[in-house]
């Protein structure tokens, strides 16, 4: 089985390389998935699984009208090109999505079939990309949240602030669970290895949902600082002077019943956080 990792240079792409050490790993220089000719002409004949971790992820920058074409090219058009190629060669497509496809108004954890109602350009692009991925019969659409891995991310930023003696102010009304890329990659591998039924799966770390401020406080405590060193504010107050910021869903919690029933039990996010911080 030949596995192809796209977006190999990103946080998830690096974790996927560790989970699939024999895979062919391609970054954008090796295969620009926004180029229809490049995708069409790639050697698809021996590819059995495509892991698509390539995406535009700069949520706020996506709101700039000057970036709209690039956002759509990466998150919508590219998925369509890949879907056509994968259908032709008969491979399985694993496409990674986001809770930003939801408006966050749901009171409980979002099940996989909750209707999309994105609040931002980025969210709309991910929702439209999901539709493209769904045209592949053999597909896994893996929806995740608050990704933490190798490279720049919220947890790494908070750890740096804690170590430097800085006391940040963090929003406390956006609720979700961090997803550590090692767990995300392991969950994807589980779906493929066990030949789970195709379709959409929510995949985040488990544990009690928390706000971004709660996550920051946990990081500070792990670094020897007090949780009270993290100031708290609302999303509305935090972004009041940032008119170009994307609107965030306040509820980012995803229901993990389906992935758990498929036999994969992700770690509690606090356990994963402790192990991750030990690597910094």
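Residue numbers (this note's numbering): 35 to 314.
All C-beta atoms in this analysis are idealised placements derived from N, C-alpha and C, irrespective of residue type, glycine included.
Proximity of the segment 223 to 231 to the segment 193 to 207 falls short of the contact definition, fewer than three beta-carbon pairs being nearer than 8 Å.
Of the other Cβ atoms in all chains shown, 16 or more fall within 10 Å of the Cβ of residue 216; this residue is therefore buried. Counting only runs that start and end inside the segment 156 to 237, the alpha helix (DSSP H) elements of at least 4 residues fall at 188 to 197 and 215 to 227.
Where residue 126 is concerned, the enclosing beta strand (DSSP E) starts and stops at 126 to 132.
Taking the Cα of residue 134 as reference, the smallest distance to any Cα among 290, 285, 308 and 294 is reached at 285. Judged by DSSP in its simplified three-state form, residue 121 adopts helix. Residue 156 places its beta carbon 8 Å or farther from that of residue 279. Under DSSP, residue 293 takes part in no beta bridge, so it has no partner.
Annotated three-state conformation of residue 83 is strand, per DSSP.
DSSP lists 60 and 86 as the bridge partner or partners of residue 40.
Residue 132 sits buried, since 16 or more C-beta atoms from the chains shown fall within 10 Å of its C-beta. Residue pairing of residue 240 in beta bridges, as defined by DSSP: 302.
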